[in-house]
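**Student:** Chains A and B supply the protein sequences, listed in that same order. Each residue of the first sequence is one higher than the one before, counting from 1 in our numbering. Each residue of the second sequence is one higher than the one before, counting from 1 in our numbering. Note that CB positions come from ideal geometry on N, CA and C, so glycine has one too. Before anything else, here's the structure in question.
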Amino acid sequence: MIALLMRDLRLALRAGGGFGLGLAFFLIVTTLVPFSVGPTPELLSSIAPGVLWLGALLACLLSLDRLLALDYEDGTLDLLLTAPLPLEAAVSVKALAHWLTTGLPLVLAAPLLGVLLNLPPSGYAWLVASLALGTPALSVIGTFGAALTVGIKRGGLLLSLLVLPLYVPTLIFGAEAARRGAAGLDPSTPLVMLAGITLGTIALMPFASAAVLRMGLR
Amino acid sequence: MSIWSYANPVKFLALSAKLQPYLWAAAALCICTGLIWGFFGTPDDYRQGSTVKIIYLHVPAALMAINAWFMMLLTSLIWLVRRHHVSALAARAAAPVGLIMTVIALVTGAIWGQPMWGTWWAWDPRLTSFLILFLFYLGYIALWEAVEDPDTAADLTAVLCLVGSVFAALSRYAVQFWNQGLHQGTSIPVATGGRSVSDVFFVPLAISMVGFGLLFVALVLYRTGTEIRLRRAQALRARQERGL
Chain A
1 MIALLMRDLR LALRAGGGFG LGLAFFLIVT TLVPFSVGPT PELLSSIAPG
51 VLWLGALLAC LLSLDRLLAL DYEDGTLDLL LTAPLPLEAA VSVKALAHWL
101 TTGLPLVLAA PLLGVLLNLP PSGYAWLVAS LALGTPALSV IGTFGAALTV
151 GIKRGGLLLS LLVLPLYVPT LIFGAEAARR GAAGLDPSTP LVMLAGITLG
201 TIALMPFASA AVLRMGLR
Chain B
1 MSIWSYANPV KFLALSAKLQ PYLWAAAALC ICTGLIWGFF GTPDDYRQGS
51 TVKIIYLHVP AALMAINAWF MMLLTSLIWL VRRHHVSALA ARAAAPVGLI
101 MTVIALVTGA IWGQPMWGTW WAWDPRLTSF LILFLFYLGY IALWEAVEDP
151 DTAADLTAVL CLVGSVFAAL SRYAVQFWNQ GLHQGTSIPV ATGGRSVSDV
201 FFVPLAISMV GFGLLFVALV LYRTGTEIRL RRAQALRARQ ERGL
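Structure follows, in structure tokens:
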């Protein structure tokens, strides 16, 4: 498992892995928002938590089609399927690697982009906390979507159509926690719900993803 | 003679051919009675005027939009457990019907909401969860279209239906938490048995609901039959090509 994790991380970090792409996309989306809604500081600070959450979600989505498609093309996935390691574990490791290379950098970059959007000072800690709690769920759910579409030609658009509705609860609770934090309210309820979603998806989704991969590659 | 004998496509087609005329007739009768009675035979509401009459379309469509998904969930489970092709095809056949029902519910709701709430759309929990349901239907249908091998497509969509159901329920709860709504609660709570709608409106509404249910069953049977024949035609064509 560790070998697989290291392999995925190395592939993502080295040239052609698209490691920085998600981050760059996040930065660009955040930069474009003031152009589209106007640079009023009050407006920006009120929408900042939501925009940052949406940007992180889209950046996560963008990197999903590389998650399994490359392994499918070069045959690694077939090897994983026949390996002694259970496919559920392999899928979990893949999701973890995706989170480490996409989710974690987004969490770390979010406060910096919060400055650009005039996020209120009380919001930073809660924004980081909610993103850190929520992005693992995004990776795990995304792995399921990637597994569903792995054998399909031009599956990228279909992948977003399938995954985005599944992201709705995570987005609602995550953005709500960040928004309440920024507004100086108590964000513990949505944070607890968000943690529940993350833990539940981590526990259950690998089984669905592995089942779907077995069906798709049969 | 168990219900599983109808998993045989030939038997299924024979039975559905026998049932369909009655179903269509009953559905047409119920819907016509319900709608005509509802539109012309009921008094205008004291507050809402004649706009209340859209309820005879809105509520049955919304009801069937959700029940269609439950039916797909059930048939998907049957396909995953017992691998009856008819079951998978029935789920496939039900999806577009459910999608249209969702659209009808959303559109009639918007038409009613304009004069009553003063807005076509509000980010109310019920409205939002219906919009999300609409997206789930779209994704489900798109996945069926995208996978070439029919058995793999049936497998993948079945799992998507199961996972999607969990997330649809979760979204339903999440949006309720996120925004308190404008939409009124149900007037016919089944659990408590009480009812806050007068018989004058309720009887045609109930007839209309039964009619939509029958219409749904008839449409699904019809579409499942089409899917089975399509599959058969593909098999014949494949055999012919191999023979050449």
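Going by C-alpha distance, which of B:I228, B:C32, B:F12 and B:A154 is nearest B:M72?
**Tutor:** Taking only the C-alpha atoms, the option nearest B:M72 is B:A154.
**Student:** Output yes if chain A places a C-beta closer than 8 Å to the C-beta of B:D124; else output no.
**Tutor:** With 8 Å as the cut-off, B:D124 does not count as an interface residue toward chain A.
**Student:** For A:P206 and chain B, any beta-carbon pair shorter than 8 Å?
**Tutor:** No, A:P206 lies away from the interface with chain B (no Cβ there is under 8 Å from its Cβ).
**Student:** Determine the closest residue to B:A95 out of B:A105, B:I111, B:L80 and B:A65, with distance taken between C-alpha atoms.
**Tutor:** Here the closest residue by C-alpha is B:A65.
**Student:** Got a sec: is the Cβ-Cβ distance from B:V107 to anything in chain A below 8 Å?
**Tutor:** Not one chain A Cβ lies under 8 Å of B:V107.
**Student:** Which full runs of the alpha helix (DSSP H) of 4+ residues lie inside the segment 131 to 207 of chain A, going along the chain?
**Tutor:** Counting whole runs of 4 or more residues, the segment 131 to 207 of chain A contains the alpha helix (DSSP H) stretches 156 to 182.
**Student:** Please tell me whether B:L135 has its Cβ less than 8 Å away from any Cβ of chain A.
**Tutor:** It does; some Cβ of chain A falls within 8 Å.
**Student:** Return the CA-CA distance between B:T51 and B:A26, expressed in angstroms with no decimal places.
**Tutor:** If you take the alpha carbons of B:T51 and B:A26, they lie about 27 Å apart.
**Student:** Using only CA atoms, which one of B:R237, B:A218, B:T224 and B:L236 lies nearest to B:P21?
**Tutor:** Considering only alpha carbons, the answer is B:A218.
**Student:** Counting only Cβ pairs nearer than 8 Å, list the residues of chain A close to B:I132.
**Tutor:** Per Cβ cutoff of 8 Å: P165 and V168.
**Student:** If the cut is a Cβ gap below 8 Å, which residues of chain A does B:A146 touch?
**Tutor:** Under the 8 Å cutoff, chain A gives T149, I152, G155 and L158.
**Student:** Helix or strand or just coil, what does DSSP make of A:M1?
**Tutor:** Coil.
**Student:** Classify B:S2: buried if its beta carbon has 16 or more other beta carbons within 10 angstroms, exposed otherwise.
**Tutor:** B:S2 comes out exposed.
**Student:** Does any CB atom of chain A fall closer than 8 Å to the CB of B:L138?
**Tutor:** Yes, because at least one Cβ of chain A sits closer than 8 Å to the Cβ of B:L138.
**Student:** To the nearest angstrom, how far is the alpha carbon of B:L127 from that of B:G109?
**Tutor:** Approximately 9 Å, taken between the alpha carbons.
**Student:** Ordered along the chain, which non-local residues of its own chain (more than five positions away) have a Cβ less than 8 Å from that of B:L133?
**Tutor:** A65, I66, W69, T102 and A168.
**Student:** Taking the C-alpha atoms as reference points, what is the distance between A:P28 and A:T135?
**Tutor:** For clarity, residue 28 of chain A is Ile in the given sequence; the question names Pro instead. Whole-angstrom Cα-Cα distance: 19 Å.
**Student:** Quick check: what's the CA-CA separation for A:P187 versus A:L32?
**Tutor:** Approximately 28 Å, taken between the alpha carbons.
**Student:** Specify, as a first and last residue, the run of the alpha helix (DSSP H) that B:E148 falls within.
**Tutor:** Unbroken run through B:E148: none, as it is neither H nor E.
**Student:** Ends of the alpha helix (DSSP H) at B:P60?
**Tutor:** Here the alpha helix (DSSP H) through B:P60 covers I55 to R82.
**Student:** So the candidates are B:C32, B:I104 and B:H84; which of them puts its Cα closest to the Cα of B:T224?
**Tutor:** The shortest C-alpha separation from B:T224 is found at B:H84.
**Student:** Rounded to the nearest angstrom, how far is the Cβ of B:P204 from that of B:G41, given a contact under 8 Å?
**Tutor:** That belief holds up - the Cβ atoms of B:P204 and B:G41 are roughly 7 Å apart, short of 8 Å.
**Student:** Grab me the residues of B:F12's own chain with a C-beta within less than 7 Å of its C-beta, minus the 5 sequence neighbours each way, in chain order.
**Tutor:** Cβ within range, chain order: Y6 and V86.
**Student:** Could you tell me whether the Cβ atoms of A:L161 and A:I152 are closer together than 8 Å?
**Tutor:** No, the Cβ-Cβ distance between A:L161 and A:I152 is not below 8 Å.
**Student:** I'd like to know whether the C-beta atoms of A:L191 and A:L133 end up nearer to each other than 8 Å.
**Tutor:** Closer than 8 Å, so yes.
**Student:** Can you find a C-beta in chain B that's less than 8 Å from the C-beta of A:G212?
**Tutor:** What sits at residue 212 of chain A in the sequence shown is Val, not Gly. With 8 Å as the cut-off, A:V212 counts as an interface residue toward chain B.
**Student:** Identify each residue in the segment 21 to 46 of chain A for which the Cβ-Cβ distance to at least one residue of chain B is less than 9 Å, and report them in chain order.
**Tutor:** Of all residues in the segment 21 to 46 of chain A, none has a Cβ within less than 9 Å of some Cβ in chain B.
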